[in-house]
Each structure stands twice: as structure tokens, then as C-alpha cells.
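Since the structure comes first, as C-alpha cells, the remarks are kept for the end.
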Amino acid sequence: MNMKVIVMGCGFGGVEVASKLSKLRKQSKDLNIFMIDRRARLEYQPAYPEILSGKVTAEEISGDLNKFASKINAEFINEAVINIDFKAKKVKTSDSEIPYDFLVISIGAEQTFFGIPGAEELSYSVDTLKGAIATKKALDNLDYSKKIRIAVIGAGLAGVEVAGELVDYFRDRASAKIYLVERMPRILPAFPTENISAYVSKFLSHRGVEILTETTVQEVNEEEITFKEGKKLPYDLIIWTAGIRPNSLLEKLELPKEKGWLKVDPYLRVEGMTDVFAVGDMVYFENEGVRSGQNVEEAERQAKVAAENIIRTIKNLSFKKKALPKKYYYLYGMKEEKLRRYRPKNTIQNPRAFISLGEDKAVIYYGGMMFKAFAYRMKKFVEWRYMRRFR
Ligand SMILES: Cc1cc2nc3c(=O)[nH]c(=O)nc-3n(C[C@H](O)[C@H](O)[C@H](O)COP(=O)(O)OP(=O)(O)OC[C@H]3O[C@@H](n4cnc5c(N)ncnc54)[C@H](O)[C@@H]3O)c2cc1C
């Protein structure tokens, strides 16, 4: 049975789905894998903050998707998807309509500015490689005849890492004041235990970062940031690292959602569908009060499960095509395969992460504990091992 699988969005989730499908291909011959992305290169997002300090280059932390697709015997289409016709089973780009038998949606998340006046227009960000490069350029072009003030808004994982890399950036340059602004009472508020916030806070403060917690941006104008609490902060550059929202294409698609995030069943099929799967940051999955996290580890875990379930569904379909009643399957050594359940591990309730802090230092957060020895080296090893597949 000739089957066509489209993987739409080739970040961490999409690349892993395509890889796994390609490995499992032997079990389901005549499987054609198509990878679609609006970008020509995969971007290793966890390394974006290091673009600012110049520790990595754009070339080093991105990989050619076309080359990757040929390696795994898939076809890469470098176009942006603008809509999906689920009835006709077609993905629409501005140039073409591409039919599919199975679709995997893995288009990720986007930066949100929460509709705060002036925030989007006047801030730089590091949520894309292009954005990180533009931010670095803006840093290079600041007027260094006076003291520079940089405000990093949002002290989650990305904000903390950006602050650390900024200290490295300014080490050999004119003096600068770096402010790390967080609306919640502590930095890294998504991590359930306070030990990590206290450690990172002390580390960054020691390096000269001024941390402002319980400080909420209300408005931004050309000169200053106004906070809800009444204070104002004059600035030279704002780097926005506060919050993500679902990919805006999802708004167009009439699919089951929770606060805009795409709802999936335990097999990673979009709720109510059998031929459309979803993985990665834009997925909403909750089971018994545990919600999957939005991170590379979960995107890849979901990708493996979704790929396996596509193959199992195809196998089950081919049994049915033979019109063989289920009770005779055993005579032919066949069994209808059950789909594999997705079980998240890096969750909202129990997150784990590498957090780099600049100066070649990092900390690993795992099971509520912190590990510092070799943390930065391990983080860089994981990056090197991942990017190797694009060399
Ligand atoms: C600065 C920063 C630091 C981070 N650090 C870490 C970290 O240390 N550890 C960690 O686990 N996670 C980290 N993350 C989060 C991590 O990068 C995401 O969880 C991960 O990328 C999610 O993978 P994904 O496949 O869902 O989405 P993505 O990797 O974002 O991939 C989505 C893909 O879809 C494509 N796409 C989107 N819309 C369309 C369209 N309409 N048509 C065609 N293609 C489209 C995009 O071009 C992209 O290639 C970080 C993120 C950022 C921004």
C-alpha cells in the first residue's frame, strides 16, 4: 500500500518524526516521507542565547534540512504552510496543494508580547536565529560613549541564559547595566522548587545583573519601560524573553484546542482524528493532572511515539484491506497492533533542564535537585551530538 506521510514543521519534533519513520520504513514498504518547513535550516534553539556572546555562529547551530532529508530518503519542501484541508487531505502552501495519507503537525510556538503597548515594536528577541542575530547586531551598534542599560524581560529559562551571555558580551566592552525583569516573586518561576531560583539569582547578581522580581511591564516607549508597580526604567535595548503562544497558523484551523494549544489523544493523534498527529511545543496533553512540558526532550519523545503509531496504523489498515476477519489473523501469524501510549517525563509539574549561566557555567535541574559539575560540558555535548546528524 503506497502511503504518503507529510511532516509539517521541521524543528526538533518534525525532524525526529521523519527520522523515526525512516528507520521504521522496513516494516511498512512504500512509505513516502515529505518534510515541509518555511525555513531551509533546522535551528538549535537552546543555543540562541550564545549567539549574543559570540560563543557560537549561526552556521554551527543550524543544519541544512534538504541535505538531512536526502540522507533519510525523504523529500524536503521549503515552503510555508498557509492552510490545511482536512476533508480533502491536502496541505496548502502559497504555491501548491500537497495531498497526504497521514499528517504530522509540528509547527511549534511563537513569542508573545501579551498585547503590551510598544513591547513588540520596540523589543528585540531571541526566539528565532534571525532574531538572535538581529539582537547581536543591535548590541554591536549601541552608543558606547555612555553607560548602556539593557533590560531582559522575562526570567524564565531563556531570559536567565540571555542575561548570562550578556555579561560575557560586555566583559571586554564599555560598562553596561543588565536588568533581568520578572513579574513573579522569583526568577525561573516555572521550576517548582526555590533552590534553583535562589542559586541562579545569586550567581547572576554576583556577575552584576540586577534582578527585579514582582515587576510587571505595563507599557514601553522609545525611552523607558513603565511597570505596573509604578516604577520606570530608562533603557538602551530591550530583549524580550517573556512567554510563548501557539503558532498563529493554528488559529485558522478548526481543531480541538485548550487556550489555543492543540489537543491530542494519548496516541498523539489530534483529538477526534485518526490520520492527523501532532507533536512538540504546540501540543496540549494532560493526563491525570500531569501536563507534558514544552521542551526538546518531550518534542522528541512525542515524535518517536507518533511515528511508531503511524506505522502501526498503516499495518492495521493493510490487514483490513485484505478483508480478513480478525479471528483468522492468528492463522497467518498476524495481530492487529495496539497503538503506543505517550507518557510524558519532562512535565510542567516535574521539569528538568540544562540552564547555562554564561562564563562556561551551567546547572542541571533534575527531580528538584541541582547538579553543577560538568553541566556546561554536558549541555554542549548534547548539542554537538544532535547537530552531528546535519554534518
Ligand atoms: C531561546 C530559547 C532557548 C531554549 N532553550 C531550551 C533548552 O535549553 N532546553 C529545551 O528543552 N528547550 C529549550 N527551548 C525550547 C525548545 O527549543 C522547544 O521546546 C523546541 O524547539 C520545540 O520543538 P518543536 O518541534 O515543537 O518546534 P520548533 O523546534 O520551533 O520547530 C517548529 C518548526 O516549524 C516550522 N514552521 C512553523 N510554522 C510553519 C508554517 N506555517 N509552515 C512551515 N513550517 C512552519 C518552523 O520554521 C520550525 O522549523 C528553548 C527555546 C528558545 C527560544
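The sequence shown maps to residues 65 to 455 in the working numbering.
Cβ atoms here follow ideal geometry from the backbone N, Cα and C, with glycine treated the same way.
Where does the unbroken beta strand (DSSP E) through residue i begin, and where does it stop?
| i | result |
| --- | --- |
| residue 422 | 417-422 |
| residue 127 | 126-128 |
| residue 141 | 139-141 |
| residue 245 | 240-245 |
| residue 169 | 166-169 |
| residue 426 | 425-430 |
| residue 249 | Careful: residue 249 lies outside any beta strand (DSSP E) and carries neither H nor E. |
| residue 123 | That residue, residue 123, is in no beta strand (DSSP E); it is neither H nor E in DSSP. |
| residue 68 | 67-72 |
| residue 236 | Taken as a continuous stretch (DSSP letters only), residue 236 belongs to no beta strand (DSSP E), as it is neither H nor E. |
| residue 162 | 161-163 |
| residue 149 | 145-149 |
| residue 95 | 95-100 |
| residue 105 | 105-107 |
| residue 157 | 154-157 |
| residue 274 | 273-276 |
Judging by CA-CA distance, which residue of the options is the nearest neighbour of residue i?
| i | options | result |
| --- | --- | --- |
| residue 247 | 216, 273, 201 and 241 | 216 |
| residue 309 | 99, 289 and 348 | 348 |
| residue 166 | 148, 108, 364 and 420 | 148 |
| residue 156 | 367, 263 and 70 | 70 |
| residue 191 | 82, 118, 311 and 292 | 311 |
| residue 338 | 380, 304 and 307 | 380 |
| residue 362 | 203, 226, 327 and 406 | 406 |
| residue 421 | 123, 219 and 171 | 219 |
| residue 206 | 301, 222 and 269 | 301 |
| residue 100 | 322, 128, 423 and 233 | 128 |
| residue 367 | 359, 343 and 382 | 343 |
| residue 245 | 255, 290 and 352 | 290 |
| residue 296 | 306, 305 and 285 | 285 |
| residue 202 | 419, 314 and 188 | 188 |
| residue 95 | 352, 264, 137 and 305 | 137 |
| residue 170 | 283, 427, 449 and 82 | 82 |
| residue 306 | 437, 254 and 373 | 254 |
| residue 442 | 238, 413, 433 and 417 | 417 |
| residue 103 | 250, 258 and 193 | 193 |
| residue 177 | 283, 79 and 85 | 283 |
| residue 222 | 318, 209 and 116 | 116 |
| residue 139 | 126, 162 and 151 | 162 |
| residue 97 | 76, 132, 121 and 150 | 132 |
| residue 410 | 373, 256 and 377 | 256 |
| residue 199 | 211, 182 and 229 | 229 |
| residue 182 | 287, 335 and 364 | 287 |
| residue 415 | 430, 321 and 423 | 430 |
| residue 350 | 328, 238 and 150 | 328 |
| residue 369 | 72, 75 and 80 | 80 |
| residue 435 | 419, 159 and 447 | 419 |
| residue 340 | 323, 317 and 359 | 317 |
| residue 279 | 75, 292, 242 and 269 | 292 |
| residue 269 | 242, 141 and 371 | 242 |
| residue 413 | 358, 88 and 372 | 358 |
| residue 238 | 212, 378 and 424 | 212 |
| residue 114 | 451, 445, 428 and 424 | 424 |
| residue 323 | 346, 334, 135 and 118 | 346 |
| residue 373 | 334, 354 and 352 | 334 |
| residue 273 | 226, 352 and 450 | 226 |
Can you tell me where the alpha helix (DSSP H) holding residue i begins and where it ends?
| i | result |
| --- | --- |
| residue 113 | 112-117 |
| residue 173 | Segment 173-175 is the beta strand (DSSP E) holding residue 173; no alpha helix (DSSP H) there. |
| residue 439 | 439-451 |
| residue 343 | Where residue 343 is concerned, there is no enclosing alpha helix (DSSP H), given that its DSSP letter is neither H nor E. |
| residue 76 | 76-88 |
| residue 267 | 258-270 |
So residue i and residue j are in contact, right, with Cβ under 8 Å, and what is the actual spacing, rounded?
| i | j | result |
| --- | --- | --- |
| residue 404 | residue 299 | Contact flag wrong, Cβ pair sits at about 49 Å. |
| residue 180 | residue 281 | 6 Å |
| residue 112 | residue 196 | 4 Å |
| residue 68 | residue 164 | 5 Å |
| residue 250 | residue 261 | 4 Å |
| residue 65 | residue 265 | 57 Å between Cβ atoms; not a contact. |
| residue 175 | residue 304 | 7 Å |
| residue 106 | residue 454 | 7 Å |
| residue 145 | residue 78 | At roughly 12 Å, the Cβ-Cβ gap does not stay under 8 Å, so residue 145 and residue 78 are not in contact. |
| residue 456 | residue 408 | Outside the modelled stretch of the chain, which goes from 65 to 455, sits residue 456, for which no answer is possible. |
Threshold first: 3 residues or longer. Then list the beta strand (DSSP E) segments lying entirely within the segment 180-224, N to C. Listed in chain order, they are 212-217.
Uninterrupted beta strand (DSSP E) stretches inside the segment 281-340 (no shorter than 3 residues): As summarised for the segment 281-340, the continuous beta strand (DSSP E) elements at least 3 residues long and confined to that stretch are 281-284, 288-291, 296-298, 301-304, 308-310 and 325-327, given in chain order.
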